[in-house]
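Here the structure is laid out as structure tokens; the discussion comes afterwards.
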Amino acid sequence: MSPSSANPATASERPASALHLAVALDGTGWHPASWREPVARPRDLFTARYWADLVTEAEHGLLDFVTLEDGLGPQSSHFLDPDERTDQVRGRLDAVLVASRVAPLTRHIGLVPTVVATHTEPFHISKAIATLDYVSTGRAGLRVQITARPNEAAHFGRRTLERIDSYDPPLPPVVSELFDEAADHVEVVRRLWDSWEDDAEIRDVATGRFIDRDKLHYIDFQGRHFSVKGPSITPRPPQGQPLVTALAHATVPYRLVARAADVGYVTPHDAGQARAIVAEIRAEQDAAGRSAEPLHVFGDLVVFLDDDPGAARARRERLDALAGEPYTSDALVFTGTPAQLADQLQELQSAGLTGFRLRPAVAGHDLPAITRGLVPELQRRGAFRRAYEADTLRGLLGLARPANRYAAA
Amino acid sequence: MSKPLKQIHLAAHFPGVNNTTVWSDPRAGSHIAFDSFVHFARTAERAKFDFLFLAEGLRLREQGGRIYDLDVVGRPDTFTVLAALAAVTDRLGLTGTINSTFNEPYEVARQFASLDHLSDGRSAWNVVTSWDAFTGENFRRGGFLPQDERYSRAKEFLATAHELFDSWQGDEIVADQATGTFLRDAQAGAFVHHGKHFDIHGRFNVPRSPQGRPVIFQAGDSDEGREFAAAEADAIFSRYGTLEAGQAFYTDVKSRLAKYGRRPDQLLILPAATFALADTDAEAEELAREVRRQQVSGATALKHLEFVWNRDLSGYDPEGPLPDVDPDVDTDHIARGRAQVRMYRDPLATAREWRELAAANNWSIRDLVIHTGNRQNFVGSPSTIAKTLNEYVQADASDGFILVPHITPTGLDEFADKVVPLLQEQGVFRTDYEGTTLRDHLGLAHPDETREHRAAS
Chain A
73 MSPSSANPAT ASERPASALH LAVALDGTGW HPASWREPVA RPRDLFTARY
123 WADLVTEAEH GLLDFVTLED GLGPQSSHFL DPDERTDQVR GRLDAVLVAS
173 RVAPLTRHIG LVPTVVATHT EPFHISKAIA TLDYVSTGRA GLRVQITARP
223 NEAAHFGRRT LERIDSYDPP LPPVVSELFD EAADHVEVVR RLWDSWEDDA
273 EIRDVATGRF IDRDKLHYID FQGRHFSVKG PSITPRPPQG QPLVTALAHA
323 TVPYRLVARA ADVGYVTPHD AGQARAIVAE IRAEQDAAGR SAEPLHVFGD
373 LVVFLDDDPG AARARRERLD ALAGEPYTSD ALVFTGTPAQ LADQLQELQS
423 AGLTGFRLRP AVAGHDLPAI TRGLVPELQR RGAFRRAYEA DTLRGLLGLA
473 RPANRYAAA
Chain B
945 MSKPLKQIHL AAHFPGVNNT TVWSDPRAGS HIAFDSFVHF ARTAERAKFD
995 FLFLAEGLRL REQGGRIYDL DVVGRPDTFT VLAALAAVTD RLGLTGTINS
1045 TFNEPYEVAR QFASLDHLSD GRSAWNVVTS WDAFTGENFR RGGFLPQDER
1095 YSRAKEFLAT AHELFDSWQG DEIVADQATG TFLRDAQAGA FVHHGKHFDI
1145 HGRFNVPRSP QGRPVIFQAG DSDEGREFAA AEADAIFSRY GTLEAGQAFY
1195 TDVKSRLAKY GRRPDQLLIL PAATFALADT DAEAEELARE VRRQQVSGAT
1245 ALKHLEFVWN RDLSGYDPEG PLPDVDPDVD TDHIARGRAQ VRMYRDPLAT
1295 AREWRELAAA NNWSIRDLVI HTGNRQNFVG SPSTIAKTLN EYVQADASDG
1345 FILVPHITPT GLDEFADKVV PLLQEQGVFR TDYEGTTLRD HLGLAHPDET
1395 REHRAAS
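Which chain is which? The protein sequence lines are A and B, in order.
Heads up, the numbering used here is the position in the first sequence plus 72, with the first residue counted as 1.
Heads up, the numbering used here is the position in the second sequence plus 944, with the first residue counted as 1.
As structure tokens, this is what we get:
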């Protein structure tokens, strides 16, 4: 199979109108008062059962993948500082391990945990995601994130991060630098995945050689933040390159998406914004010489979904009242019915988005509303799969298994 | 009055990247596919073993400047594979080796606390250290740690991790939907650690896990390592699987516990043990010899001789006599990423001794490596192995064994089917799990009880 030269939006094996759907899982849901809903199960948050139930539900809806939020400190109502609130969910399990724990219980859905590039070792992350790819037989990915929080830096004690006021453009230099480091991190992770050729294990009894060491490669990465020799201790994973994804709100992260990712999540609030963001990312993609490579751009939306639009509004208001303030988000907040959401997604899709990552406001309510309401509606419109059509996450997204960068042509 | 019989603890070491693993056997399966781990773990759980054990290495071994290619190469990430195994087993303990040198406490503590939650209290951490710049080339800090500081960093790493585990008491999460109180305490997880190796503060973000802390294993053998274990560990993964050496080690380590206010039963000694099992003792002896020859091919024999000679011996005939040339003791070691070369403290003396042995027995290089290497710890029929293994434990050579089969992933099957039932008949091994956590299986108290006990005494 040769690398596809088409963008996935125009891949010929899918109907032109087909879109991709992922769900972003975070605690009991994205609304800070979501844990107080009767369906929320807040006491189960630290059990495997809870996460298995959510991911299984997403798989019943034939979704492409789930992402799992994570962080190297407690959640906070402030963007850059910790808080001392006791009325919201605090604490979480390591997302890579949750994904791995769920992998043997599912068969088709992609598993995309968040990894924080800022304080972690690319060598460890690379083998962890490669191993997730092995335990899920080809369904692993990662969502790369930076953190500029000084309190999280203090959890590691290796460097002090200058306190910034916000991530808003123009990006403070420290944030640009963190994105540069994240780009290096992804580069190392990807090189390590390729550091074993697929047929490196030969088990040649005659010569006693288990591997052909000419097919293992030092990656010799040297960067400003780290140098990594390689090869990985873990052989090349089933997908060759597990999925790399990132959320982006501005030019610097768009560049990271354009240069290094397979899927970027963006947050347009209407079709016009979507068109402009997609154009900017595609231009960066061309500038990076990646125009021939498939790159998905997904829109992120927070969703409150009910069969009756009034019920969805009422639920949002009830949650806002419990939280003591109206819910706001970087992403568009949708409140309405599955059919209305399908309309909105198709309109955004026409602006160049290839799929969506939906953030359920209340996981226990809005996730089943996606899988049992939105998905059938999209299927009726010929805009979503009726069965899983591939065995790997890359396959679901129309991405070929990439050639190994180190293999002789 | 006779002593009551000790209950044996048994664990299964997934066959690893040493030459004990016979990958050339036609039955040998994948060392990386998850199915192999599932088969191995389910066999161990079917046999009611205490736990599964995974080793770790963070740089592929090299010899003579090239990646070592004669043994199994490649393994998964420890945490990730253990979390997945928690989904396909219910009771089996999950022990992972995690290096304290090329990690940070906050991250490792969150991974173990998460694993403990996701396995309902079955996690254990084999704390190992390294210092070499060779491994460091894969990590941000490079080879930053002087050799003599590795235990001081490991101790502080473990102490810091314990502070993080203990930063949640276990009763903070109220999650009262009616009143809107999620946390009882706004400071849940708060910690401050100012030390030589770590200067960190903030809030830990994983609530207290079922076991409080993972069970702690230690594997180092130096005096410092033994002292570390006596002070901090719940179990030792030792290398002394023979009767006399096992008893000496057992006595030494258990005698160190008193000064830390600990009882002998608070630290388990669990040596690695290989075995050759067949229907009769004679067949097992034959199997043991055959497996040793598979483990030490001619090429492997030359490479092992290089551990001592520290020279390129590829021109020698493994079926021929030992080299006349003496070991090179002046240059950096030819083998990198391999701890065992440090066992040969006086290579010139070892070479002399081996030449004499080979001459006296008319051994080739390969014969010598086979005979001087480790023979299987237990060789025999099911009843012989069950009897010997039990004798070792009752004679305080150990508290049980971490079995290392030579075939992946089916090498444990026969032991589970034939030896375990005999141990159960003798009343020295459980017929079913009595508890749910690894601490339950090992007879170790929950850290909260230990803390109360120490506070009260």
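A virtual CB, placed ideally from N, CA and C, is assigned to each residue, including glycine.
- In the DSSP assignment, Ala318 (chain A) falls within the unbroken beta strand (DSSP E) covering Leu315 to Leu319.
- Among the residues of the region 277-291 of chain A, those with a Cβ less than 8 Å away from any Cβ of chain B are Val277, Thr279, Gly280, Arg281, Phe282, Ile283, Asp284, Arg285 and Leu288, in the order of the chain.
- Segment contact: the region 985-1002 of chain B against the region 1356-1369 of chain B, three or more CB-CB distances shorter than 8 Å; contact assigned.
- Between Arg1054 (chain B) and Thr1381 (chain B), the C-beta gap is not smaller than 8 Å, which leaves the two residues out of contact.
- When the Cα atoms are used, Glu356 (chain A) and Trp1253 (chain B) turn out to be separated by approximately 56 Å.
- Within chain A, not a single residue places a beta-carbon under 9 Å from that of Trp1075 (chain B); the smallest gap is close to 17 Å.
- In the DSSP assignment, His257 (chain A) falls within the unbroken alpha helix (DSSP H) covering Pro245 to Trp265.
- The C-beta of Pro176 (chain A) comes closer than 8 Å to at least one C-beta of chain B.
- Gly1018 (chain B) has its alpha-carbon roughly 10 Å from the corresponding atom of Ala272 (chain A).
- For Arg162 (chain A), the nearest beta carbon of chain B is closer than 8 Å to its own beta carbon.
- Using a Cβ distance threshold of 8 Å, His227 (chain A) and Ile1042 (chain B) do not count as a contacting pair.
- Annotation for Tyr1288 (chain B): Val1252 and Thr1294 place their beta carbon closer than 6 Å to its own, counting only its chain and skipping 5 residues before and after.
- Secondary structure in the region 369-419 of chain A: the alpha helix (DSSP H) runs of 4 residues or longer, each lying completely within the stretch, are 381-395 in chain order.
- By the rule that beta-carbons nearer than 8 Å mark a contact, Val1313 (chain B) does not touch chain A.
- The C-beta of Val1273 (chain B) has fewer than 16 other C-beta atoms within 10 Å across all chains shown, which makes the residue exposed.
- Unbroken alpha helix (DSSP H) runs of no fewer than 4 residues, entirely contained in the region 1229-1264 of chain B, are found at 1242-1253, following chain order.
- Between His1141 (chain B) and Glu1171 (chain B), the C-beta spacing is not below 8 Å.
- In the three-state reduction of the DSSP assignment, Thr1024 (chain B) falls in the helix class, which pools H, G and I.
- Counting the other Cβ atoms within 10 Å of the Cβ of Gln1338 (chain B) gives fewer than 16, which makes it exposed.
- In this structure, the straight-line span from the alpha carbon of Ile1278 (chain B) to that of Leu1089 (chain B) is close to 22 Å.
- Tyr1204 (chain B) sits exposed, since fewer than 16 C-beta atoms from the chains shown fall within 10 Å of its C-beta.
- Within chain B, the residues placing a beta-carbon under 9 Å from that of Thr306 (chain A) are Ile976, Gly1018, Arg1019, Pro1020 and Asp1021, ordered along the chain.
- Across the structure, Leu165 (chain A) and Pro241 (chain A) are spaced so that their CA atoms are roughly 31 Å apart.
- Non-local C-beta neighbours of Asp1261 (chain B) in its own chain, meaning closer than 7 Å and more than five positions away in sequence, are absent.
- By the Cβ criterion, the region 342-361 of chain A is not in contact with the region 391-398 of chain A, since fewer than three pairs of Cβ atoms, one from each stretch, lie closer than 8 Å.
- Scanning A:Pro366, A:Glu156 and A:Glu234 for the CA closest to the CA of Gly470 (chain A) turns up A:Pro366.
- Taking a 10 Å sphere around the C-beta of Thr1375 (chain B), we find fewer than 16 other C-beta atoms and assign the residue as exposed.
- Restricted to the region 1015-1079 of chain B, the alpha helix (DSSP H) segments that are unbroken, complete and at least 4 residues in length are 1022-1032 and 1049-1062, listed in chain order.
- Sequence-distant partners of Thr464 (chain A) (beyond 5 residues in either direction) whose C-beta falls short of 6 Å from its own C-beta, in its chain, are Gly210 and Gln311.
- At a cut-off of 8 Å between beta-carbon atoms, Glu156 (chain A) makes contact with chain B.
- With contacts defined by Cβ atoms closer than 8 Å, Gly1146 (chain B) and Trp1112 (chain B) do not form a contacting pair.
- With contact defined as three or more Cβ pairs closer than 8 Å, the region 422-438 of chain A and the region 105-117 of chain A are in contact.
- About 7 Å separates the CB atoms of Phe1161 (chain B) and Trp1069 (chain B); that is less than 8 Å, so the two are in contact.
- Close partners of Asn223 (chain A) in chain B (Cβ separation under 7 Å): Gly1146.
- For His1061 (chain B), the neighbours in chain A by C-beta distance under 8 Å run, in chain order, Phe118, Thr119, Ala120 and Leu165.
- Ala333 (chain A) is positioned such that its CB atom lies closer than 8 Å to that of Val316 (chain A).
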